[in-house]
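**Student:**
In my numbering, the protein residues as written are 30 to 789.
#1: Could you check whether the Cβ of residue 628 sits closer than 8 angstroms to any Cβ belonging to chain C?
#2: In chain order, what residues of the same chain lie with their CB nearer than 6 angstroms to the CB of residue 107, ignoring the 5 residues before and after it?
#3: Below 8 angstroms on the Cβ atoms is my contact criterion, and I expect residue 770 with residue 762 to pass it. Report the Cβ-Cβ distance as a whole number of Å.
#4: Mark residue 709 as exposed unless 16 or more other C-beta atoms lie within 10 angstroms of its C-beta, in which case mark it buried.
#5: Look at the alpha carbon of residue 363 and the alpha carbon of residue 342, and state the distance between them as a whole number of angstroms.
#6: Within a Cβ cutoff of 6 angstroms, which residues of the same chain sit near residue 311, ignoring the five residues on either side of it in sequence?
#7: Check for me: the alpha helix (DSSP H) holding residue 331 runs from which residue to which?
#8: Can you check whether the CB of residue 692 is closer than 8 angstroms to the CB of residue 627?
#9: Terminal residues of the continuous beta strand (DSSP E) containing residue 533?
#10: According to DSSP, is residue 50 helix, strand or coil?
#11: Give every residue of the same chain whose Cβ lies closer than 8 angstroms to the Cβ of residue 272, excluding the five residues on either side of it in the sequence, and list them in chain order.
#12: Measure the C-alpha to C-alpha separation of residue 492 and residue 337 and round it to an integer number of angstroms.
#13: Do you know how far the Cα of residue 438 is from the Cα of residue 458?
#14: Given this structure, state the Cα-to-Cα distance separating residue 346 from residue 456, to the nearest angstrom.
#15: What is the rounded straight-line gap between the Cα of residue 244 and the Cα of residue 255?
#16: Do you know whose CA, among 586, 643, 213 and 211, lies nearest residue 476's CA?
#17: Can you tell which of 632, 78, 38 and 56 has its C-alpha closest to the C-alpha of residue 617?
#18: Here's a check: name, in chain order, each residue in its chain whose Cβ is nearer than 6 angstroms to the Cβ of residue 650, leaving out the five neighbours to either side.
#19: Hey, residue 681 and residue 736 are a contact pair by Cβ (cut 8 angstroms); roughly how many whole angstroms apart?
#20: Can you give me the C-alpha to C-alpha distance between residue 173 and residue 179, rounded to a whole angstrom?
#21: Output yes or no for whether 8 angstroms exceeds the beta carbon distance between residue 603 and residue 637.
#22: Buried or exposed: which applies to residue 589, given that a residue is buried once 16 or more other Cβ atoms fall within 10 Å of its Cβ?
#23: Between the C-alpha atoms of residue 462 and residue 434, what's the straight-line distance to the nearest angstrom?
#24: Would you say residue 301 and residue 400 are within 8 angstroms of each other, going by their C-beta atoms?
#25: How would you call residue 652, buried or exposed, if buried means at least 16 neighbouring beta carbons within 10 angstroms?
#26: Who are the Cβ neighbours of residue 745 in its own chain at under 7 angstroms, not counting the five residues just before and after it?
#27: In angstroms with no decimal places, state the Cα-to-Cα distance between residue 788 and residue 760.
#28: So the beta strand (DSSP E) residue 506 belongs to, where does it begin and stop?
#29: Alpha carbon to alpha carbon, how far is residue 80 from residue 45? Give it in angstroms, no decimals.
#30: Quick check on this structure: which residue in 629, 570, 506 and 454 has the alpha carbon closest to the alpha carbon of residue 497?
#31: Report buried or exposed for residue 249, applying the criterion of at least 16 other Cβ atoms within 10 angstroms of its Cβ.
#32: Per DSSP, what are the beta-bridge partners of residue 204 in this structure?
#33: CB-CB under 6 angstroms to residue 158, same chain, minus the five flanking residues each way: which ones, in chain order?
#34: Straight-line CA distance for residue 355 to residue 349?
#35: If you reduce the DSSP assignment to three classes, tell me which class residue 411 lands in.
#36: Let me check understanding here. Comparing Cα to Cα, which of 309, 275 and 274 lies closest to residue 291?
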């Protein structure tokens, strides 16, 4: 159908479709054509896989009568043809030329050549660049009349300064201007801006070396200050009942209750909804200290984490001078309260390996439980899933879950030994929670009760995040009917019996997250920022049972079935660690390739012969090797017996995942993907009921499963729906055909996955 539609169907007579645009640098290998593409004002219609203009083809399927709904709908799905525009071509030449000048190529030349094909009504555009030789900085002089500022500039680290031999890059010069201005504003120079800083470049004729002078001028004679002055913070005043629609200059403070707490003043309206201590801990601006823009920004961030606040504005106002003549500032922190309580209802549909279901979630939140912006959250969720298959002899023929959790989150570290200053410096939260979960599956019924105490903290950019689980307690209980059923179907399977005994887990944990992905800022209007490459690192470490084991040994407790117990229940002892790395390389603004590697290992010891079932790894599914369904791959060469106990046997202690995926935007909100996955799981002991699952260094690589496939995604901005089709390529299972990629069979090798979000 696409082939039947001419690519120039909607190109007006006498005009041309931009078919191809190239940039050729003729004399300098250091300049990347890819970096210059962003300066072009006109580019061809996007090509999928480098050759198919799918969006244009979709648009061309529409008729010319735009009064018909079908034509309007198809045009919205596609993209109109890019019509050649001479003015935009000239603008591209101008942009390219100035981009080269900004990078230090002052003698660069840009020409353009167009090739028109009258018969096909298409045009090819080539921008030819002769960059010439770049200009380098030879010497740097600083003309700073103010000795105090000169001393501060001299303290700037070398990595943030210009050095002889650097390219004369205007973007770099702008960074230096902004950096000096920010540094001075952090050292009390409230009225300073980068407009006071200029550069003068002295170049001799035919010379490539530049003598650069940085000039930092004094304020003009008409300015209130004849020289650059440092400002001292005199007062910090919190106004807790501010109306954003009110002119602050005429704001009436009458009737407000004034409370002094340490070094701050709090003006309350009708309600003392936030304790003064909370505001004091959130404020990085303190009386008696020099003004610092950095401290203002930190105060914004700290107050922004208080969920009870809807609006925050900090107004720095000149307040005369001190007795020794130093200018003063008063900081007025204007706060507007948001909604204190809220209830939300969530409805969701589920599709697990073709079994359809639904879930309902109800959440209640109180955002200011004890007048300290504490967040109380109570969640209840129930879900139901109709399962397909033969359920003869099983306990249930459905999957049902009822879950509840109550938690309270404090907007800072909560510990008695931490100082106010430490709490201010760290962007952290403290969470306490208790939870309950009731599950019914065809194979078992179980109840899980838990409680946790954890800390979370991050850097300002939220690119580095930590989580420390100080205490996490879980009790897993299986009713007698489930135990009797499991003993009946697998009386000689110790793995099954051990995995489904009642057990108790007391663990700690640490999680690490690092990325270079930039978050949308206010001046980007929430748009996703284009980055040439993005990486993400996730790592988790969790020890369990060590404290209980030490207490058991020190108190001389007796073992039962070769294990210690607490309250008559065996507790687990193990250590578990896993890590994932993802790297995404942009091939352009509309396509990318993403690589993922994951590794995990869990080792039981002491009081445990094996990991608890819920702590073991599994392979297959929407986020693993997608040629297999969830929990249907491995461990190692283990072959599924199509029995009701396979869900227990197909888990392991070691995990390996490898994936590469090509992603491209197709049209509308539709994206396409091609992927290759590899991986498997293994056991660290040679269990009789998992033949072929034991990890061996000399053969594990032969047991790595592989799959390939395609995917379609619907990107709704706030969430993404994903449908993937995975095909088995290499099957390591015993008694299975090893090379399905050579002789694929749809019923044997194909697996569909429906999920939310990218796989990695």
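C-beta atoms are modelled at their ideal positions from N, C-alpha and C, and glycine is treated no differently.
Being a predicted model, the structure only gives us computed values, none of them experimental.
**Tutor:** Working from what's here:
#1: The chain inventory of the structure shown lacks chain C, comprising one protein chain alone.
#2: Position 78 of the chain shown holds residue 107. For residue 107, same chain residues with a beta-carbon under 6 angstroms away, outside a window of 5 residues either side, are 84, 87, 88 and 696 in chain order.
#3: Working through the chain shown from its first residue, we reach residue 770 at position 741. Working through the chain shown from its first residue, we reach residue 762 at position 733. At roughly 15 angstroms, the Cβ-Cβ gap does not stay under 8 angstroms, so residue 770 and residue 762 are not in contact.
#4: Counting from one through the chain shown, the residue named residue 709 turns up at place 680. Under this definition residue 709 is a buried residue.
#5: Here residue 363 refers to the residue found at position 334 when the chain shown is read from its first residue. Here residue 342 refers to the residue found at position 313 when the chain shown is read from its first residue. One C-alpha to the other measures close to 5 angstroms.
#6: In the chain shown, the residue the question calls residue 311 occupies position 282. Within the same chain, residue 311 has close Cβ partners 331 and 332.
#7: For this step, residue 331 is matched to residue 302 along the chain shown. In the DSSP assignment, residue 331 falls within the alpha helix (DSSP H) that extends over 322 to 333.
#8: Position 598 of the chain shown, counted from the start, is the residue given in the question as residue 627. Position 663 of the chain shown, counted from the start, is the residue given in the question as residue 692. Contact flag unset, no.
#9: Taking the chain shown and counting its residues from 1, one reaches residue 533 at position 504. 532 to 544 is the span of the beta strand (DSSP E), which, as asked, contains residue 533.
#10: Reading the chain shown from its first residue, position 21 is the one you call residue 50. Collapsing the DSSP output to three states places residue 50 in a strand.
#11: Within the chain shown, numbered from 1, the residue matching residue 272 stands at position 243. Within its own chain, the residues whose Cβ lies closer than 8 angstroms to the Cβ of residue 272, once the five positions on either side in sequence are excluded, are 365, listed in chain order.
#12: By 1-based counting over the chain shown, the position of residue 492 is 463. By 1-based counting over the chain shown, the position of residue 337 is 308. Roughly 25 angstroms between the two C-alpha positions.
#13: Position 429 of the chain shown, counted from the start, is the residue given in the question as residue 458. Position 409 of the chain shown, counted from the start, is the residue given in the question as residue 438. In this structure, the alpha-carbon of residue 458 lies about 7 angstroms from that of residue 438.
#14: Start at 1 with the first residue of the chain shown, and residue 346 comes out as number 317. Start at 1 with the first residue of the chain shown, and residue 456 comes out as number 427. Each residue's alpha carbon lies about 27 angstroms from the other.
#15: Numbered from 1 along the chain shown, position 215 holds the residue referred to as residue 244. Numbered from 1 along the chain shown, position 226 holds the residue referred to as residue 255. As the crow flies, the alpha-carbon of residue 244 is around 17 angstroms from that of residue 255.
#16: Locating residue 476 in the chain shown gives position 447, counting from the first residue. The shortest Cα separation from residue 476 among 586, 643, 213 and 211 belongs to 643.
#17: Along the chain shown, read from residue 1 onward, the residue named residue 617 stands at position 588. Nearest to residue 617 by alpha-carbon distance, out of 632, 78, 38 and 56, is 78.
#18: Taking the chain shown and counting its residues from 1, the one referred to as residue 650 is at position 621. Cβ neighbours of residue 650 beyond the five flanking positions: 659.
#19: Counting from one through the chain shown, the residue named residue 681 turns up at place 652. Counting from one through the chain shown, the residue named residue 736 turns up at place 707. Your pair residue 681 and residue 736 does not check out as a contact, with CB atoms roughly 18 angstroms apart and the cut at 8 angstroms.
#20: Position 144 of the chain shown, counting from 1, holds the residue named residue 173. Position 150 of the chain shown, counting from 1, holds the residue named residue 179. About 6 angstroms.
#21: Here residue 603 refers to the residue found at position 574 of the chain shown. Here residue 637 refers to the residue found at position 608 of the chain shown. Contact: yes.
#22: By one-based count along the chain shown, residue 589 stands at place 560. The residue is exposed, with fewer than 16 neighbouring Cβ atoms inside 10 Å.
#23: As a position in the chain shown, residue 462 is number 433, starting the count at 1. As a position in the chain shown, residue 434 is number 405, starting the count at 1. Taking the straight line from one Cα to the other gives about 7 angstroms.
#24: Residue mapping note: residue 301 aligns to position 272 of the chain shown, counting from 1. Residue mapping note: residue 400 aligns to position 371 of the chain shown, counting from 1. For the 8 angstroms CB-CB criterion, residue 301 and residue 400 form a contact.
#25: One-based indexing of the chain shown puts residue 652 at position 623. Burial of residue 652 is indicated by the presence of at least 16 other C-beta atoms within 10 angstroms of its C-beta.
#26: What you label residue 745 is simply residue 716 of the chain shown in a count that begins at 1. Contacts found: 698.
#27: Numbered from 1 along the chain shown, position 759 holds the residue referred to as residue 788. Numbered from 1 along the chain shown, position 731 holds the residue referred to as residue 760. C-alpha separation (whole angstroms): 21 angstroms.
#28: Within the chain shown, numbered from 1, the residue matching residue 506 stands at position 477. Taken as a continuous stretch (DSSP letters only), the beta strand (DSSP E) holding residue 506 covers 493 to 506.
#29: Taking the chain shown and counting its residues from 1, the one referred to as residue 45 is at position 16. Taking the chain shown and counting its residues from 1, the one referred to as residue 80 is at position 51. Residue 45 and residue 80 have their C-alpha atoms roughly 19 angstroms apart.
#30: Counting from one through the chain shown, the residue named residue 497 turns up at place 468. Of the candidates 629, 570, 506 and 454, the one whose C-alpha sits nearest the C-alpha of residue 497 is 570.
#31: Working through the chain shown from its first residue, we reach residue 249 at position 220. Exposed, by the Cβ-count rule.
#32: Position 175 of the chain shown holds residue 204. Answer is none; residue 204 lacks a bridge partner.
#33: The residue labelled residue 158 in the question sits at position 129 within the chain shown. Cβ within range, chain order: 54 and 139.
#34: Here residue 355 refers to the residue found at position 326 of the chain shown. Here residue 349 refers to the residue found at position 320 of the chain shown. Cα to Cα, the separation comes out at about 8 angstroms.
#35: To locate residue 411, count along the chain shown from 1; it is residue 382. DSSP, reduced to helix, strand and coil, places residue 411 within a strand of the structure shown.
#36: Counted from its first residue, the chain shown places residue 291 at position 262. Residue 291 has its Cα closest to that of 309, out of 309, 275 and 274.
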